[in-house]
Amino acid sequence: MFLLAAPLIMVSFGLASAKETATDNYKLYCVQCHGTKGTGKGINAPFLSVAPRNHTSAKDMGELSDDNVFKAIKSGGGAVGKSTQMPSWGAVMTDDEIHDMVKRLRVMCKCEGKK
24 MFLLAAPLIM VSFGLASAKE TATDNYKLYC VQCHGTKGTG KGINAPFLSV APRNHTSAKD
84 MGELSDDNVF KAIKSGGGAV GKSTQMPSWG AVMTDDEIHD MVKRLRVMCK CEGKK
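Using my numbering, the letters of the sequence shown map in sequence onto residues 24 to 138.
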């Protein structure tokens, strides 16, 4: 019985981990520059010529539309007229994962995007 269940467990685990959560992706791709708390004070921040955005700032994040944030994540800062030091993540995150990340950032800033 155990031998029959093992492949099902492995398949289920593989499918469950196919899409990373926004929290997982933030830890993997964003904290190096934006910091674990999202304040823009990550380990790489001192070495950048432009300070990373503070994701906890309702004032700053509230000025950005969700579409603008999506485009910045997917295509990089240069795509929205910001620093090219913000890399594009479209090759490693799906559109759904990026939309989930935008939602996570809205929770972090406790704000809605500009309409």
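A virtual CB, placed ideally from N, CA and C, is assigned to each residue, including glycine. Please read these numbers as outputs of a predicted model, since none were measured by experiment.
Within 8 Å, strictly: CB atoms of residue i and residue j
{"i": "Ser111", "j": "Lys126", "result": "no"}
{"i": "Lys50", "j": "Gly58", "result": "no"}
{"i": "Cys53", "j": "Leu71", "result": "no"}
Residue environment, residue i, which counts as buried when at least 16 other CB atoms sit within 10 Å
{"i": "Asp123", "result": "buried"}
{"i": "Ala29", "result": "Note on Ala29: pLDDT 45, under 50, position unreliable in the model; the coordinate value appears next. Counting Cβ neighbours within 10 Å, Ala29 comes out exposed, since fewer than 16 surround it."}
{"i": "Gly61", "result": "buried"}
{"i": "Asn77", "result": "buried"}
{"i": "Asn67", "result": "exposed"}
{"i": "Ala114", "result": "exposed"}
Bounding residues of the alpha helix (DSSP H) (the contiguous stretch that carries residue i)
{"i": "Lys105", "result": "Segment: none, Lys105 is in no alpha helix (DSSP H) and carries neither H nor E."}
{"i": "Phe70", "result": "Taken as a continuous stretch (DSSP letters only), Phe70 belongs to no alpha helix (DSSP H), as it is neither H nor E."}
{"i": "Val130", "result": "118-132"}
Closest by C-alpha distance to residue i, when choosing among the options
{"i": "Lys94", "options": "Thr44, Gly65, Lys82, Thr117", "result": "Thr117"}
{"i": "Gly104", "options": "Ala114, Glu43, Val92", "result": "Val92"}
{"i": "Lys138", "options": "Tyr52, Leu87, Glu120", "result": "Leu87"}
{"i": "Ser22", "options": "Asn48, Thr46, Val73", "result": "Coverage of the chain is limited to positions 24 through 138, which leaves residue 22 absent and any answer about it impossible."}
{"i": "Met109", "options": "Ile121, Glu43, Pro75", "result": "Pro75"}
{"i": "Asp89", "options": "Val130, Val54, Asp47", "result": "Val130"}
Rounded distance between the beta-carbons of residue j and residue i, thought under 8 Å
{"i": "Gly85", "j": "Glu135", "result": "7 Å"}
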